[in-house]
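Here is the structure we will look at.
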Amino acid sequence: MLSSHGPTRRLPCAQALLVALGLWLIASAGRADNATPAPNSTPQEELASPSGADGWTHPNDEAPDVLPKDVVRMDKPFGEPLPDDSDYSWQWAPTGLIYHSYMAGEHEPHMSMFLQNDTNGTTYGDATLGGRAGLVRYGNQDAMHPVGYQLDFYGAAIARLNVDHQEDLDACDYVFGFPLTWGDEHWQWKCGYAHTSSHMGDEFAIRNPGQLNNRVNYVRDGIELGTSYYVNPAWRIYGETGWCFNSSGGADPWDVQFGTELSHPGPTNCWTPFVAVNGRLREEQDFSGDFTLQCGWLQRGLLNQTLRLGAQYYNGKSNEFEFFTKNEQQVGVGIWYDF
0 MLSSHGPTRR LPCAQALLVA LGLWLIASAG RADNATPAPN STPQEELASP
50 SGADGWTHPN DEAPDVLPKD VVRMDKPFGE PLPDDSDYSW QWAPTGLIYH
100 SYMAGEHEPH MSMFLQNDTN GTTYGDATLG GRAGLVRYGN QDAMHPVGYQ
150 LDFYGAAIAR LNVDHQEDLD ACDYVFGFPL TWGDEHWQWK CGYAHTSSHM
200 GDEFAIRNPG QLNNRVNYVR DGIELGTSYY VNPAWRIYGE TGWCFNSSGG
250 ADPWDVQFGT ELSHPGPTNC WTPFVAVNGR LREEQDFSGD FTLQCGWLQR
300 GLLNQTLRLG AQYYNGKSNE FEFFTKNEQQ VGVGIWYDF
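If you read the sequence shown in numbering that gives the first Met the number 0, its first letter stands for residue 0, the second for the next number, and so on.
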């Protein structure tokens, strides 16, 4: 485990599941890459059919009767050269994202509800209300796999509810930022401003008299730089680092995040498996940190919006930064909606 201070536990079953699902997903992506159109299909039919050779959809998926006007399907195998920048244009409030949130990232802007038990036997409900959207893009108009430059805005509130005490609010973290992103089919990059702050819940303070005197005013304002790479359409790896120019409450300047994801690419018409792993190292903890493993089933829409159901294991320092010095080990189930 990444934390040198928290409790650890061997996970042979989870590791075996990760390897098995990874091999299955990579093999599935290879079959999708090698798929060829039917001999009698027309270019228009290939454009509307998810069995085209773009490598991003399952050959057995059925295409909807009508695709949104701004969804451009590229009839080419994954990894071949993209159209040149003569196809680029300026777009306000563009459809689609170049750089997607990390599935297993603990402070990512998505919508989720995770019900978990920690090693002390306490039951918590961690709820996230947030999202990510494009403000302006200079690039193509492919809403599924946009290419070019894009300025995004994201924000989220990440609340911890204590189920054992009538769902009291124990703490809430807030994140928002303005990343400038660039990407193509394989590589994506982001760089921009990022804010994180944590606040003690009033019901937690009432339940623990005197705790307000020990409140942590955890704040980070800084710059984040991240990169994401698709080895093939089903397998993504990523890493990022952050440096803050303004901090308080024990936050130190540097942190690092990295991970990998395996999931069936493109729109789906059935539930398909996924596995996601995320690690995070923080300077204020002497570069120990936390580890997250997720696995389950997902459905993905036309614009890569994703509904996931599954289980999560977490080990490390608390993912609510009001309690960032506390060791936690969590097991639970959740629902996530990613943008």
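Built from N, CA and C at the ideal position, the CB exists for glycine as well.
query, result
"When we look at the beta-carbon of glutamine 210 and count the other beta-carbons within 10 Å, is it buried (16 or more) or exposed?", "exposed"
"Within its chain, find whatever has a CB closer than 8 Å to the CB of glutamate 239; leave out the 5 residues flanking it on each side and keep chain order.", "Lys189, Glu223, Leu224, Gly225, Thr226, Val255, Gln256 and Phe257"
"What whole-angstrom Cβ distance do glycine 249 and phenylalanine 323 have, given they're in contact under 8 Å?", "7 Å"
"What residues in its chain sit with their C-beta under 7 Å from that of glutamate 107, if we drop five residues either side in the sequence?", "Ser100 and Tyr101"
"Give me, in chain order, the residues of the same chain whose beta-carbon lies closer than 6 Å to that of glycine 288; leave out the 5 immediate sequence neighbours on both sides.", "Leu1, Arg279, Leu280, Arg281 and Gly315"
"Could you check if tryptophan 335 is buried or exposed, using at least 16 other CB atoms within 10 Å of its CB as the buried criterion?", "buried"
"Below 8 Å on the Cβ atoms is my contact criterion, and I expect arginine 307 with glycine 265 to pass it. Report the Cβ-Cβ distance as a whole number of Å.", "Rounded, the Cβ-Cβ distance is 15 Å, inconsistent with contact."
"Using three-state DSSP, classify glutamine 284 as helix, strand or coil.", "helix"
"Give every residue of the same chain whose Cβ lies closer than 6 Å to the Cβ of threonine 122, excluding the five residues on either side of it in the sequence, and list them in chain order.", "Asn116, Val162 and Asp163"
"Nearest-angstrom Cα distance between aspartate 151 and tryptophan 242?", "19 Å"
"What does the alpha-carbon distance come out to for the pair tyrosine 87 and valine 276?", "34 Å"
"In whole angstroms, what is the alpha-carbon distance linking arginine 219 and threonine 180?", "21 Å"
"Do valine 174 and glycine 154 have their CB atoms nearer than 8 Å?", "yes"
"Glutamine 263 to asparagine 139, Cα distance in whole Å?", "Reading the sequence as shown, one finds histidine at residue 263 and not glutamine. Rounded to whole angstroms, histidine 263 to asparagine 139 spans 24 Å at the Cα level."
"Within a Cβ cutoff of 6 Å, which residues of the same chain sit near glutamate 196, ignoring the five residues on either side of it in sequence?", "In the sequence as presented, glutamate is not what sits at residue 196; that position holds serine. Within the same chain, serine 196 has close Cβ partners Tyr173 and Val218."
"Provide the residue span of the beta strand (DSSP E) that contains arginine 307, from first to last.", "305-316"
"Apart from the five residues just before and just after valine 330, which ones in its own chain have a Cβ nearer than 7 Å to its Cβ?", "Gln115, Asn116 and Tyr312"
"Which residues in the same chain as serine 246 place their Cβ atom closer than 7 Å to its Cβ, once the five residues preceding and following it in sequence are excluded?", "Val218, Arg219 and Pro252"
"Give the DSSP-derived three-state secondary structure of arginine 214 in the structure shown.", "coil"
"Which runs of the beta strand (DSSP E) spanning at least 3 residues fall entirely within the region 163-224, listed in chain order?", "167-182 and 186-199"
"Would you kindly check if the distance between the Cβ of glutamate 327 and the Cβ of arginine 159 is under 8 Å?", "no"
"I'd like the ranges of any beta strand (DSSP E) spanning at least 3 consecutive residues and lying wholly in the region 219-276.", "234-247 and 253-262"
"Label glutamine 418 either buried or exposed according to how many other C-beta atoms from any shown protein chain fall within 10 Å of its C-beta, with 16 as the threshold for buried.", "Because the chain in this structure spans residues 0 to 338, residue 418 falls outside the shown range and cannot be described."
"For aspartate 360, which of Trp186, Pro93 and Asp167 has the nearest alpha-carbon?", "Residue 360 is absent from the structure shown; the chain starts at 0 and stops at 338."
"Quick one: does lysine 189 have its CB under 8 Å from some CB of chain C?", "This model lacks chain C altogether, as it is built from one protein chain only."
"In terms of alpha-carbon separation, which member of Thr305, Phe290, Phe286 and Gln293 lies closest to cysteine 269?", "Thr305"
"Output the distance between the C-alpha atoms of aspartate 32 and glycine 182, rounded to the nearest integer angstrom.", "Residue placement at aspartate 32 is flagged as unreliable, the pLDDT there being 45, under the threshold of 50; the coordinate-derived value follows with that caveat. Whole-angstrom Cα-Cα distance: 20 Å."
"Does the distance from the CB of glycine 130 to the CB of methionine 143 come in under 8 Å?", "no"
"Using a Cβ-Cβ cutoff of less than 6 Å, which residues in the same chain neighbour glutamate 260 once the five nearest sequence positions on both sides are dropped?", "Met102, Arg235 and Ala275"
"Cβ of methionine 112 within 8 Å of Cβ of glycine 104?", "no"
"Quick one: is proline 49 buried, meaning 16 or more other Cβ sit within 10 Å of its Cβ, or exposed?", "Unreliable positioning characterises proline 49 in this predicted model, as indicated by a pLDDT of 44, which lies under 50. A coordinate reading is not provided."
"Output the boundary residues of the beta strand (DSSP E) element that contains threonine 127.", "122-138"
"Roughly how many whole angstroms lie between the Cα atoms of cysteine 294 and lysine 325?", "25 Å"
"Closest to serine 317 by C-alpha separation, out of Val146, Leu96, Leu297 and Asp169, would be which residue?", "Asp169"
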